[in-house]
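Student:
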Amino acid sequence: MSIEQVAALTALAGLLERIGSWPLGLIVFVVIVGPWIFAMFLARVYQKRFDAVVEMHKDVVEMYKNNVKLLEKDQRLAEDLKDVVIMNTQAITRLVDRINGVYSVR
């Protein structure tokens, strides 16, 4: 046996020695109620973990909603930019047509 195993067995023997001096009613109470208390403790731990996962999910959903809003704004900006490019192209085309018209008359 390793040193850790011997230490664990020694600690367990000491615990059993102390439990041996407890009244029988207390031992029965611990055996019956102990698992329920442990189960409630585990349920509380799992509930906290579940709440953390739910909160993380809410954050992810909010991030996606924000991304959709950003994309909508970006699409509006791209549409406005497209309109500016079209107007500039039309203006340059008219300018070129006038320049060609002035120089082609002579």
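Each residue of the sequence shown is one higher than the last, beginning at -4 in my numbering.
Here a beta-carbon is modelled for each residue, glycine too, at the ideal position from N, C-alpha and C.
As the structure is a computational prediction, the values presented were derived from the model and not from experiment.
1. Assuming residue 32 and residue 22 make a contact with CB atoms under 8 Å, what is their CB distance in whole Å?
2. Alpha carbon to alpha carbon, what distance is there between residue 30 and residue 61?
3. At the level of alpha carbons, what is the spacing between residue 3 and residue 38?
4. Cα separation between residue 28 and residue 0?
Tutor: In short:
1. With 8 Å as the limit, residue 32 and residue 22 do not qualify as a contact, their Cβ atoms being about 15 Å apart.
2. 46 Å
3. 28 Å
4. 29 Å
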